[in-house]
Every structure is written in structure tokens, then in C-alpha cells.
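Report on the structure given below.
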Amino acid sequence: MFVWKEHDSPFDFKYLKFLFYATEHMKEHMLNSIQDTTDTTDTDGMTEIRQAFLTGERAEFFARKRRYVDTVFADGESPLKHACDIELVESSFKWKYPLWYCRNVVARDCTWFEMGRAGVWYTDHIVVEDSTIEAPKNFRRCHDVVLRNVDFPNAEETLWSCSGVRLENVSAHGDYLAMNCADVKADNLRLVGNYPFDGAHDVEISHSRLISKDCFWNCENVTVRDSFISGEYLAWNSRNVTFENCTIESLQGLCYVDNLVLRDCRLVNTTLAFEYSTVDADVRGTIDSVLNPSAGMIRADAIGELTLDPERVDPSATTIVTAATAWNASQQ
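Going letter by letter, the sequence shown gives residues 0 to 331 in numbering that gives the first Met the number 0.
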């Protein structure tokens with residue numbers, strides 16, 4: 000409250016009056032600004048938060064039924080720890096551990112910046128669409144993960160020990176993607192990075208391109224269709240691995256595999272293949288070299304160099320069929 004006394008000058012009174020109205024205007028503006036970022040409840044029961052700038056540790060801890068729109072989760076660890084029934088739209092994470100121990104999360108058009116690392120751990124039932132995840136070490140020990148139209152420019156140690164994973168139109172660059180995962184289905188996965196899917200089981204990949212050394216090591220029940228794979232030592236020490244209509248380039252690839260199947264595949268610049276593998280291979284074109292498969296059948300147009308060392312394997316356990324051997328058989 001302003002009090003004017005008789006000895007005050009008219010100038011002082013006008014100045015005080017100006018301050019009064021300016022203060023009231025600022026209060027009204029501040030209230031309107033706060034209203035833009037405070038909670039509103041939508042008809043679906045979700046509390047909507049817009050254009051918030053959230054800082055500090057556990058800024059929205061244990062949040063329930065909230066929709067964050069154009070919201071920035073700035074410096075402060077674990078902003079949404081233990082959250083449930085969360086929707087994120089055009090929002091961003093700029094600090095560590097944003098979504099731990101969460102359930103039922105949907106994120107659309109969102110960004111995890113570089114320091115938003117270890118972003119989603121121990122979380123079940125999460126969908127991420129049309130987003131960029133720059134931070135490494137994301138998605139650890141999660142269940143029911145759907146990633147659709149997502150870019151991982153730094154995917155190191157991402158998707159470890161997760162189950163029920165669906166990847167649709169995902170681009171990733173980094174080593175050790177999807178280690179020890181289970182029940183993975185990927186379509187149009189574009190990966191540049193070594194050692195992916197180490198220790199994974201029940202994996203299906205289609206229409207994908209993997210530039211990866213040591214891909215599918217120690218795996219079980221893997222099927223790859225209509226894809227391109229380039230990288231040495233493909234699928235060592237694995238069981239039940241099938242490639243259908245794939246192009247493969249791999250030095251010493253497909254070795255130490257129990258029950259390896261190739262259907263209508265091309266092996267380009269692939270040498271020393273199938274060592275100590277049990278194999279059923281139907282290959283179009285030439286295989287540059289085959290070294291000591293354990294057993295099975297290999298069919299190809301030609302094999303550049305074939306080694307069946309009786310001191311290492313039983314040569315009679317493997318049947319080799321090429322265009323040349325088929326012609327010879329027809330002449331007998």
C-alpha cells in the first residue's frame with residue numbers, strides 16, 4: 000500500500016502511482032506465465048504440464064498420470080524416477096538417469112542429450128517414437144521396449160539385458176548394442192558398431208544393414224532375413240542361427256556354430272568360413288574358401304578353396320555340392 004502525505008511533491012505522488020500500476024501489471028504477467036506451466040487435467044485423466052523447465056534432483060519423483068509437453072528436464076538427476084503412466088511430447092532430457100524404475104511410458108518427438116546418459120533403466124512398457132537419443136548406455140534391464148523411428152548417434156552399451164524389444168526404423172552407431180537381450184524383433188535396423196547382440200537369444204532381424212565385427216556371438220535362436228551384414232568373425236559360438244536371402248561379407252565368419260542355416264544367401268569376400276560348424280548352407284555364387292566344417296551340407300555355385308583336414312574333422316560328415324560336382328555326377 001502506498002501512503003501519500005501532504006508534504007510529498009506531486010512528482011513523488013505520480014512516481015509512486017506509476018510504481019503501483021507497474022507492480023500490478025508485473026504480478027498479472029507472472030500469474031499468466033505460471034498458468035502456462037502449471038498442471039491442467041485433461042479429459043483422459045492425465046495431468047498436463049506445458050513448457051516447464053525442471054531442475055534439481057528427482058524433480059518429478061513418483062509422478063502419476065502426467066503428460067509433459069515442450070518440457071525441459073535440465074540439470075538434476077533422476078527427474079522421473081518411479082514414475083508411472085507418463086507421456087512425453089516434444090520434451091528433452093539434459094541430465095542423467097531420467098527414467099529409472101518407471102512403467103507405462105510413451106515418448107514422442109523427444110531428445111535425450113549427451114548428458115542424459117543411462118537414461119532408461121529398470122523400466123517396463125515404454126514406447127519411444129520419432130526421437131533422438133544422443134546419450135550412451137540407454138535402456139538397461141527393461142521389458143517391453145518399442146523404439147520406432149529413433150536415432151542413436153552414440154549407442155555404446157545400449158539395450159543391455161532387455162526383453163521384449165521391438166525396433167522399427169532405428170539407426171544406431173556404437174559398440175555393444177543389445178548385449179544379453181531376449182525376444183528381439185528388428186525391422187530396418189541400420190547399425191554401425193561392433194559386438195552387437197552378444198549373448199542374445201530369440202532374435203529376429205529383417206530388412207536391416209549391420210556393419211559390425213563379432214556380430215551375434217554367444218547367441219541362440221537367431222533369424223536374419225533380407226539383410227546385409229559386413230564384419231569379420233560373424234556369429235561365433237552360437238546355436239540355431241539362420242540367414243535367409245542375406246548378403247554377408249565376413250572374414251572367418253560363421254564358425255563354431257551349432258545348427259547354422261543359410262537359405263538363398265550370398266557370401267561376398269568371405270574366407271575361411273564354417274570352421275567347426277554344423278551347417279546347412281544354400282549359397283548363390285562363389286564361396287571364396289571353406290575351412291573344416293564339422294558336419295552338414297554346403298551347396299554353392301563354386302568354392303574357391305575347400306579344406307577338410309582329416310586330423311581336425313571327419314570329411315565324410317560334410318557333403319559339398321557345387322556346379323562342378325553336380326556336372327561330374329551327371330557324367331558318371
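Quick reminder that beta carbons are idealized off the backbone N, C-alpha and C, glycines included. Note that the structure is predicted; figures quoted are calculated from it, not measured.
message: When you compare the CB of F138 with every CB in chain D, is at least one pair closer than 8 Å?
response: Looking for chain D here will not work: only one protein chain is present.
- prompt: Based on Cα-Cα distance, which residue from L79, L53, D213 lies nearest to R63?
  reply: Position 64 of the sequence shown holds residue 63. Closest by alpha carbon: L79.
query: Curious, which full-length beta strand (DSSP E) runs of at least 3 residues does the stretch 125-211 contain?
result: 142-151, 162-172, 181-191, 200-205, 208-210
query: Between A280 and the rest of its own chain, which residues show a CB-CB distance below 6 Å, the 5 nearest in sequence each way excluded?
result: Start at 1 with the first residue of the sequence shown, and residue 280 comes out as number 281. The residues are L261, I297.
task: Starting from the C-beta of L271, find all residues in its chain whose C-beta is less than 6 Å away, skip the five residues before and the five after it, and write them out in chain order.
output: As a first step, residue 271 is located in the sequence shown; it is residue number 272 there, counting from the start. If we look at L271 and ignore the five residues flanking it on each side, its Cβ neighbours are Q251, S288, L290.
- prompt: According to DSSP, what are the bridge partners of L307?
  reply: The residue you call residue 307 lines up with position 308 of the sequence shown. In DSSP, L307 forms no bridge with anything.
query: Hey, how far is the Cα of S229 from the Cα of F52?
result: Position 230 of the sequence shown, counting from 1, holds the residue named residue 229. Position 53 of the sequence shown, counting from 1, holds the residue named residue 52. Going from the Cα of S229 to the Cα of F52 covers about 44 Å.
Residue burial classification, N137 (beta-carbon count within 10 angstroms, cutoff 16): Position 138 of the sequence shown holds residue 137. Buried: at least 16 other Cβ atoms inside 10 Å.
- prompt: Under three-state DSSP, which class holds S249?
  reply: Looking up residue 249 in the sequence shown gives position 250. Here S249 sits in coil by DSSP.
query: Per DSSP, what kind of secondary structure is A58 in: helix, strand or coil?
result: Taking the first residue of the sequence shown as position 1, residue 58 is located at position 59. Coil at A58, not helix or strand.
query: A272 by DSSP, collapsed to three states: which one?
result: What you label residue 272 is simply residue 273 of the sequence shown in a count that begins at 1. In this structure, A272 counts as strand in the three-state DSSP scheme.
message: Between the alpha carbons of V312 and F273, how many angstroms are there, rounded?
response: Locating residue 312 in the sequence shown gives position 313, where the first residue counts as 1. Locating residue 273 in the sequence shown gives position 274, where the first residue counts as 1. When rounded, the distance between both Cα atoms is 12 Å.
message: Please state the DSSP three-state secondary structure of A280.
response: Against the sequence shown, residue 280 aligns to sequence position 281. In the structure shown, A280 sits in a strand (DSSP, three-state: E or B).
- request: Kindly indicate which three-state DSSP category A51 falls into: helix, strand or coil?
  value: Position 52 of the sequence shown holds residue 51. If DSSP states are grouped into helix, strand and coil, A51 belongs with coil.
field: Rounded straight-line distance, which links the Cα of V278 to that of I247
entry: Stepping through the sequence shown from its first residue, residue 247 is reached at position 248. Stepping through the sequence shown from its first residue, residue 278 is reached at position 279. Answer to the nearest angstrom: the Cα atoms are 16 Å apart.
- request: Since I believe L87 is in contact with Y67 (beta carbons under 8 Å), could you give me their beta-carbon distance rounded to a whole number of angstroms?
  value: In the sequence shown, residue 67 corresponds to position 68, counting from 1. In the sequence shown, residue 87 corresponds to position 88, counting from 1. Right, the Cβ-Cβ distance comes to about 5 Å (below 8 Å), so this counts as a contact.
field: Enclosing beta strand (DSSP E) for S288 [first to last residue]
entry: For this step, residue 288 is matched to residue 289 along the sequence shown. That run of the beta strand (DSSP E) goes 285-290.
task: Hey, could you find the ends of the beta strand (DSSP E) K64 is sitting in?
output: By one-based count along the sequence shown, residue 64 stands at place 65. Note, K64: beta strand (DSSP E), 63-68.
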